[in-house]
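Chemist: Submitted below is the structure of interest, expressed as structure tokens.
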Amino acid sequence: MNTTILEKDGNLVAVFEGRLDTAAAIKTEQEVKPLYDNVDRDIVLDCTAMEYISSSGLRIFLNILKNTKPKGRHVYIQGISKELRTVFDMTGFTNLFEFK
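For the sequence shown, the residue numbers in this note's numbering are 983 to 1082.
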């Protein structure tokens, strides 16, 4: 799993590439921590190149949301495949996040 955080169109974008499984979750959690300090920009979680997400990966997404929403900012998910969308549907995460 590779995670890159960049600025684009006034948003912070986290680009996820590969499998966000339990083995990758600890490293990924550290890589997304700068998003927790964000107070003035919306966050886009770009899953275009993500192949898989485990419950540990979903927890990371939920932590990003929990740190962002109270600040009045939005978290958007973009580029998820049909397979990943099924995981989000089954876990109820489609009700929590906004999708682009």
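In this text, a Cβ means the ideal position worked out from N, Cα and C, and glycines have one as well. Keep in mind the model is a prediction, meaning the values are calculated, not measured.
For Q1060, which of I1046, A1006 and E1080 has the nearest alpha-carbon?
Modeler: As a first step, residue 1060 must be located in the sequence shown, where it is residue number 78. Selected option, being the one with the closest Cα: E1080.
Chemist: In three-state terms, what does DSSP make of F998?
Modeler: In the sequence shown, the residue the question calls residue 998 occupies position 16. Note: F998 maps to strand in three-state DSSP.
Chemist: If you compare alpha carbons, which of P1016, S1063 and Q1012 is closest to K1082?
Modeler: Working through the sequence shown from its first residue, we reach residue 1082 at position 100. Ranking P1016, S1063 and Q1012 by Cα distance to K1082 puts S1063 first.
Chemist: Might you give, ordered along the chain, the residues of its own chain that have their beta carbon closer than 7 Å to the beta carbon of R1023, omitting 5 neighbours on each side?
Modeler: Working through the sequence shown from its first residue, we reach residue 1023 at position 41. Around R1023: G992, N993, L994 and R1055.
Chemist: Please confirm whether A996 and V1014 have their CB atoms less than 8 Å apart.
Modeler: Here residue 996 corresponds to residue number 14 of the sequence shown, with the count starting at 1. Here residue 1014 corresponds to residue number 32 of the sequence shown, with the count starting at 1. Yes.
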